[in-house]
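Residue numbers (this note's numbering): 6 to 217. Quick reminder that beta carbons are idealized off the backbone N, C-alpha and C, glycines included. Bear in mind that the values here come from a model prediction, so they are computed numbers and not experimental data. Heads up, the thing below is written out as structure tokens.
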Amino acid sequence: MMIRTTLTVTLKMVFILSASPNGRNLHDSADIHAIMIQDKVRTSTYARFILGNSILFTDAVVLDVGCGTGILSLFAAKAGAKRVFSVDASKIAEKAEKIVEANGLSDVITVVRGKVEDIQLPEDVKVDIIISEWMGYALLYESMLDSVLVARDRFLKPDGVMAPSDCRMMFSLCDATEIYKDRIGFWDDVYGALTTSDSSFKTSDACTQVLT
Ligand SMILES: C[S@@+](CC[C@H](N)C(=O)[O-])C[C@H]1O[C@@H](n2cnc3c(N)ncnc32)[C@H](O)[C@@H]1O
6 MMIRTTLTVT LKMVFILSAS PNGRNLHDSA DIHAIMIQDK VRTSTYARFI
56 LGNSILFTDA VVLDVGCGTG ILSLFAAKAG AKRVFSVDAS KIAEKAEKIV
106 EANGLSDVIT VVRGKVEDIQ LPEDVKVDII ISEWMGYALL YESMLDSVLV
156 ARDRFLKPDG VMAPSDCRMM FSLCDATEIY KDRIGFWDDV YGALTTSDSS
206 FKTSDACTQV LT
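Written out as structure tokens, the structure is:
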């Protein structure tokens with residue numbers, strides 16, 4: 006029987022002017038996780054893949070890289086995983102642990118707080134499946150691809166499955182004149198009171214807009 010193990014993430018056009026990594030840990034707070042979970046395309050795609058492939062997940066040992074609230078780990082447990090290791094570097098891991106308890110899944114899901122590059126799994130276990138939602142806007146912004154690849158090399162069995170295993174990045178030309186005026190040109194004259202020649206105001210963060 007063919008098992009579909011490819012979770013393809015197709016991004017609609019995302020317009021990026023610039024991106025700079027900074028020291029903030031956005032993922033400590035529950036708010037950003039609520040926004041991610043409320044992204045129906047994102048979360049329901051993972052749900053459909055995991056819950057629709059219980060033949061793959063049944064009795065599997067799973068690693069959830071960057072588990073956040075633990076949502077993907079919960080799907081994996083519901084799909085029949087016998088053990089799930091849910092790793093997150095930020096404070097949200099404490100909340101994930103409470104969520105796992107509240108769902109009565111502490112015997113299946115173990116939350117580990119730390120960077121996946123640094124943590125150890127009990128008994129040097131190797132996993133059958135790695136699940137992760139590592140994609141930032143346009144795949145690369147805030148992305149954790151490097152960390153997921155380290156996780157693969159450290160913890161995945163040779164015949165293990167990565168999900169997603171492939172992604173598609175799509176580009177298109179667009180006219181961003183209005184977006185530029187609103188979000189970048191804005192700093193040239195704020196209520197006639199503020200102008201700035203400090204270009205970091207304009208370019209220190211990504212400017213994203215989903216175009217449908
Ligand atoms: C995009 S969120 C996804 C959260 C959750 N899996 C979901 O689908 O809602 C990525 C998470 O990965 C965590 N993270 C980023 N880099 C990490 C690393 N190197 N090791 C462990 N966790 C990491 C962040 O703290 C964040 O909670």
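Segment contact: the segment 29 to 38 against the segment 56 to 63, fewer than three CB-CB distances shorter than 8 angstroms; contact not assigned.
By the neighbour-count criterion, in which a residue is buried when 16 or more other Cβ atoms sit within 10 angstroms of its Cβ, residue 163 is exposed. For residue 53, the closest of 198, 179 and 79 by C-alpha to C-alpha distance is 79. With a contact defined as Cβ atoms closer than 8 angstroms, residue 74 and residue 97 qualify at about 6 angstroms. If you check the CB distance, residue 59 and residue 84 come in under 8 angstroms. Inclusion of residue 150 and residue 132 in the CB contact set at 8 angstroms is not warranted, their separation being larger than that value.
In the DSSP assignment, no residue is bridged to residue 151.
Partner residues in a beta bridge of residue 80, as assigned by DSSP, do not exist. Under the three-state reduction of DSSP, residue 59 is assigned to helix. In this model, residue 200 and residue 191 are separated by some 9 angstroms (Cα to Cα).
By the Cβ neighbour-count rule, residue 72 is buried, with 16 or more other Cβ atoms within 10 Å of its own. Boundaries of the beta strand (DSSP E) around residue 92: 88 to 93. When the five nearest sequence neighbours on each side are left out, the beta carbons in the same chain lying within less than 6 angstroms of the beta carbon of residue 120 are those of 94, in order along the chain. For residue 69, the enclosing beta strand (DSSP E) starts and ends at 66 to 70. Residues of the same chain with a CB within less than 7 angstroms of the CB of residue 141, apart from the 5 flanking positions on each side, are 147 and 148 in chain order. When only Cα atoms are considered, residue 185 and residue 106 end up about 47 angstroms apart. Take residue 55, set aside five residues on each side of it, and the residues of its chain with a beta-carbon closer than 6 angstroms to its own are 80, 81 and 84, in chain order. The C-alpha of residue 179 is placed about 41 angstroms away from the C-alpha of residue 100. Between residue 41 and residue 49, the alpha-carbon positions lie close to 11 angstroms from each other.
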